[in-house]
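full-length UniProt numbering numbers the first residue of the sequence shown as 1 and each following residue consecutively.
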Amino acid sequence: FLPETYHKDYNYSTPAVAQEVEARVDGIDEPSRSFADPRASPLLVPDTHLYSLPKAYILTCEYDVLRDDGMMYATRLRAAGVEVTHEHYD
C-alpha cells in the first residue's frame, strides 16, 4: 500500500511483529475485511471523496508506527484542497 515516493524512508528489514508473537496469533498474515474498510483506514478512501472532508490537524513523530500513514494522508488531503495543519517531530 505504500507509494513509491515513501519507500526511501521505510525500513523493510525490521519485522513488524516478533516471531514468538506471530506464532501465537492465528491468521496474522491474512488481511481482514476491516483493514480494507475506509472508515478504519482513511488512506484507502478514494480521492474523489476527500474534497468534502473538514480541515484537519495531523501530528506525526519520528518513531511512530503510523508516521508514514499520517504524512501520506496529509499529502492526499492537501491535493484534494482540504486545509491541513501537519506538524512533524523528530
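The C-beta atom is built at its ideal place from N, Cα and C for all residues, glycine as well.
Beta-carbon separation of residue i and residue j under 9 Å?
i, j, result
"L59", "L77", "no"
"M71", "H88", "yes"
"A40", "A56", "no"
Do you know offhand how far residue i's Cα is from residue j's?
i, j, result
"A79", "V65", "23 Å"
"V82", "Y51", "6 Å"
Considering only residues of the same chain and omitting the five flanking positions on each side of residue i, which have a CB-CB separation below 7 Å?
i, result
"D69", "L43"
Residues in its own chain within less than 6 Å of residue i by CB, not counting five upstream and five downstream?
i, result
"P38", "L44 and V45"
"E62", "D90"
"H86", "I58 and A74"
If I measure Cβ to Cβ from residue i and keep anything under 8 Å in the same chain, skipping five residues before and after, which residues do I get?
i, result
"F35", "S41"
"D47", "R76, A79 and A80"
Would you list, in sequence order, the uninterrupted alpha helix (DSSP H) runs of no fewer than 4 residues that lie entirely inside the segment 32-77?
47-50
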